[in-house]
Amino acid sequence: MSLPPNHKLCMIPGPIEFHEDVLTAMSTPATSHIDPGFVNTFGETLEGLRQIVETKTGQPFVVSGSGTLSWDLVLCNVIETGDRGLVLSTGLFGDRMVECLEVYGAQVDTLRPDCLGNVPDEAAIRTALQDAVQAGRPYKILTITHVDTSTGVLVDVQAMARLVQQISPSTLVAVDGVCSVAAEELRMDAWGIDIIMTASQKALGCPPGLAIVVASQRTLAAWRNRRTKVSSYYAAWSKWLPVMQAYEARKALYFATPAVQLVMALHVGVKQLLARGMDQVFEAHKQTSDQFKNFVTSLGLAQLPVSKSVAAHSMSAMYYPEGVKATDLLPRLGQHGIVVAGGVHPDLAPRYFRVGHMGLSALEPERHYMDKTQNALRTSLVEAGFQPKSVA
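Residue numbers 1 to 392, in full-length UniProt numbering, belong to the letters of the sequence shown in order.
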């Protein structure tokens, strides 16, 4: 695919570059949300999302909104005032999850790592779960940011879910997968995950605008058994569950108008991923990540994650080298046709930058997105006065 003239490659951790078939789906004429063709498309999309996160019985929701709305779609329905929540925070978005839980009345405990770039201590997580159970007030929910986009840190979701099942089996395991779904290995049923929250604009390869949730039957039971009324109108599952079930049954049902063209685009993105097979998708992201991280290490750049074992495969976060600031590097990258993201974590924002390598950049290397990014990064560093050690 040839990019439009003067287009700069969007190599941030979402939104990412879109496949031409996704763009074509976005450019379809106005279509009714109850048109039989669209009803079938939406139904297939919901079924495909279930396959992507590897669940047979989980209930998908696709609602117009940003990835942050996916948190509300879960927490307003599951959490009641006084419920306990345990948040494993590895960055800005984990901290924001605390805020979202508190909005709905949860009593929240937060576990953070010893330093930014690491993951919370497993022994501390074990102790928190045990103490809550022994006190007779187990946590209603434990939230994990699979990949925190602010730090590029990856949490071992499988290990955390196993820990919860061993110590506090009534606790719902909720995964913020905005920056991980369709890039990092994630197996909902096999790992015992109750909730996955994500969005359209990252590894699913579509424009922003769709909040996506997949909820286990156990989670739906917790919602049905709540004692108090859900404190949201737009995000209430009582409104959306019948709509999702209707579309899967190839029937139209209306609550709020879906983003028709975005759903069409997501349908294409989901079909492309499933055609490859998720194991191949995961492996391609791992290989791309390893290659890029080796490259930046060879240049002499330090990375924010403290080790390879806690570093995401969907993105990378690097510190600026000594003597180089954001204003020295990012505009130069732009001049070479590459857009990357600056830092967003308030404690470190001026000190680091981030590169996304998910979707097309990992799955279709023949487009040379990573090659172009690496060449531009090396050249821009030299122009900014930094001499790279070598090039891998």
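Even for Gly, the Cβ is constructed at its ideal location relative to N, Cα and C.
On a predicted model such as this, the values are computed, not experimentally measured, just so you know.
Contact check, residue i vs residue j, beta carbons under 7 Å
i	j	result
residue 153	residue 305	yes
residue 343	residue 12	no
residue 116	residue 143	no
residue 221	residue 195	no
residue 62	residue 223	no
Sequence-distant residues of its chain with Cβ nearer than 7 Å to residue i (five each side left out)
i	result
residue 392	With a pLDDT of 44 at residue 392, under the threshold of 50, the modelled position of this residue cannot be trusted; read the value that follows with caution. So the list reads 294, 295 and 298, once near-sequence residues are dropped.
residue 158	191
residue 384	324, 328, 329 and 332
residue 31	38 and 260
residue 352	304, 317, 318, 319, 320 and 343
From the options, residue whose alpha carbon lies closest to that of residue i
i	options	result
residue 47	213, 3 and 311	213
residue 333	193, 316, 378 and 317	378
residue 368	338, 343, 383 and 351	338
residue 350	112, 363 and 323	323
residue 132	312, 388 and 85	85
residue 139	119, 335, 117 and 173	173
residue 311	354, 277, 32 and 75	354
residue 267	286, 40 and 101	40
residue 374	363, 347 and 288	288
residue 73	103, 345 and 5	103
Range of the contiguous alpha helix (DSSP H) that encloses residue i
i	result
residue 167	157-167
residue 296	278-299
residue 335	326-335
Residues near residue i in its chain [Cβ-Cβ closer than 6 Å; skip 5 each side]
i	result
residue 42	247 and 263
residue 129	167 and 168
residue 178	67, 198 and 199
residue 65	211
residue 361	369 and 370
Proximal residues to residue i (C-beta, below 8 Å), its chain only, five neighbours per side dropped
i	result
residue 217	57, 58 and 59
residue 326	320, 342, 343, 350 and 353
Segment limits, beta strand (DSSP E) that includes residue i
i	result
residue 319	315-319
residue 144	141-145
residue 60	59-64
residue 107	107-111
Interface flag, residue i vs chain D, CB-CB below 7 Å
i	result
residue 152	Absent from the structure: chain D. Only one protein chain is present.
Residue i Cβ short of 6 Å to the ligand PLP heavy atom set
i	result
residue 305	Annotation note on the ligand PLP: not contained in the displayed structure, which lists no ligands.
**Request:** Give a yes or no on contact between the stretch 16-23 and the stretch 227-239, applying the rule of three or more CB pairs nearer than 8 Å.
**Result:** Touching, no.
**Prompt:** Does the pairing of the stretch 105-124 with the stretch 86-95 give three or more beta-carbon distances under 8 Å?
**Reply:** Because the criterion of three Cβ pairs below 8 Å is met, the stretch 105-124 and the stretch 86-95 touch.
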